[in-house]
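Asker: Residue numbers (our numbering): 1 to 196.
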Amino acid sequence: MPIKVDSAARRAQACKAFMAQVHSTVAKEGITPSTLHALKLKLVALAKRSDLFPLADFAMPQAHGRSHPLLVEENDGHGLYLSISLPGKEAAPHDHGIWCANAAISGRERHVFYRRIDDGKKAGSAEIAKVGEVVIEPGTGMVMADHDIHSTVVIGDRPAVGLALYGYALARFPSVSWFHPEFTSVRATPSRRHAA
Ligand SMILES: [Fe+2]
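Put into structure tokens, the structure is as follows:
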């Protein structure tokens, strides 16, 4: 008889192996555009193994979205999460202050990317311009450098479920900037870098 290994144990093993690959990739040349691209491809490959991520193992959000930790490293380590966003959930343009990669398991989410076009000299003020967009669906993903800017919206009538890899764990996130193009304003959330 085949040995039955439950999905949680297989998932933990796969996430550990993935994180080891992330570290060996980053150790070679640091965080560069090509490293980030490589991390995205590895995350897309992991997300394609949908048998590791049965929805029954993850509680649905009450509203909006929810991030389930898969492998969160100590201190200044990385964070790998399974995120679930309900249909219609949207996020205004923002950066994360740290690099991140997303890859879809199921559902579809549109990401619009922007760049800042003002000189950043006036406090609280910012102008951004759209530079592109992509729909993240199974088999695809995206990656952002520390100060890349995106907005997101779940499209279709199914939740968007995917993997998210962040340079720092969510609980130790740096300041995140939220842009409001209609007011040419920007507001930053407090950094959690010194949180426990
Ligand atoms: Fe984001």
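Built from N, CA and C at the ideal position, the CB exists for glycine as well. Every value quoted in this text rests on a predicted model; they were computed, and no experiment measured them.
Using 8 Å for Cβ pairs, my map puts Ile98 next to Gly162. What's the rounded Cβ distance?
Answerer: Along the sequence shown, one-based indexing puts residue 98 at 98. Along the sequence shown, one-based indexing puts residue 162 at 162. At roughly 18 Å, the Cβ-Cβ gap does not stay under 8 Å, so Ile98 and Gly162 are not in contact.
Asker: From the DSSP output, in three-state form, read off Phe18 for me.
Answerer: As a working mapping, residue 18 is identified with position 18 in the sequence shown. Helix at Phe18.
Asker: How would you write the range of the alpha helix (DSSP H) that Leu46 sits in, first residue to last?
Answerer: Taking the first residue of the sequence shown as 1, we reach residue 46 at position 46. Here the alpha helix (DSSP H) through Leu46 covers Pro33 to Ala47.
Asker: Using 8 Å for Cβ pairs, my map puts Asp57 next to Ser7. What's the rounded Cβ distance?
Answerer: Taking the first residue of the sequence shown as position 1, residue 57 is located at position 57. Taking the first residue of the sequence shown as position 1, residue 7 is located at position 7. At roughly 6 Å, the Cβ-Cβ gap stays under 8 Å, so Asp57 and Ser7 are in contact.
Asker: Thr25 by DSSP, collapsed to three states: which one?
Answerer: On the sequence shown, residue 25 is found 25 positions in, with the first residue counted as 1. Thr25 falls in the helix class under three-state DSSP.
Asker: Can you tell which of Phe18, Lys42, Ala27 and Ala123 has the C-alpha that lies nearest to the C-alpha of Val143?
Answerer: On the sequence shown, position 143 is the one that residue 143 refers to. Nearest C-alpha to Val143: Lys42.
Asker: By the 10 Å Cβ neighbour count, where 16 or more other Cβ atoms means buried, how is His194 classified, buried or exposed?
Answerer: Looking up residue 194 in the sequence shown gives position 194. His194 is exposed by the Cβ-count criterion.
Asker: At 3 residues or longer, and completely inside the stretch 99 to 173: list those beta strand (DSSP E) runs for me, N to C.
Answerer: 100 to 106, 108 to 116, 128 to 136, 141 to 144, 149 to 155 and 160 to 166
Asker: Can you look up Ala12 in the DSSP assignment and give me helix, strand or coil?
Answerer: The residue given as residue 12 occupies position 12 in the sequence shown. Helix.
Asker: Spell out a yes or no on whether the stretch 113 to 130 and the stretch 10 to 25 are touching, meaning 3 or more CB-CB pairs, one atom from each, closer than 8 Å.
Answerer: no
Asker: Thr152 and Ala91: beta carbons closer than 8 Å?
Answerer: As a first step, residue 152 must be located in the sequence shown, where it is residue number 152. As a first step, residue 91 must be located in the sequence shown, where it is residue number 91. Their beta carbons are under 8 Å apart, which means Thr152 touches Ala91 by this criterion.
Asker: Hey, could you find the ends of the beta strand (DSSP E) Phe179 is sitting in?
Answerer: Locating residue 179 in the sequence shown gives position 179, counting from the first residue. Residues Ser177 to His180.
Asker: What are the start and end residues of the beta strand (DSSP E) that includes Gly79?
Answerer: In the sequence shown, the residue the question calls residue 79 occupies position 79. Gly79 -> beta strand (DSSP E) spans Gly79 to Ser85.
Asker: Ignore the nearest five residues each way along the sequence and tell me which others in Gly139's own chain have a CB closer than 8 Å to its CB.
Answerer: Counting from one through the sequence shown, the residue named residue 139 turns up at place 139. The answer, listed in chain order, is Val44, Lys48 and Ala104.
Asker: What I want to know is whether the C-beta of Thr189 ends up closer than 7 Å to one or more non-hydrogen atoms of ligand 1.
Answerer: Start at 1 with the first residue of the sequence shown, and residue 189 comes out as number 189. No - ligand 1 has no heavy atom lying nearer than 7 Å to the Cβ of Thr189.
Asker: Determine the closest residue to Arg187 out of Ala14, Asp95, Asp157 and Tyr81, with distance taken between C-alpha atoms.
Answerer: As a working mapping, residue 187 is identified with position 187 in the sequence shown. Ranking the options by Cα distance to Arg187, first place goes to Asp95.
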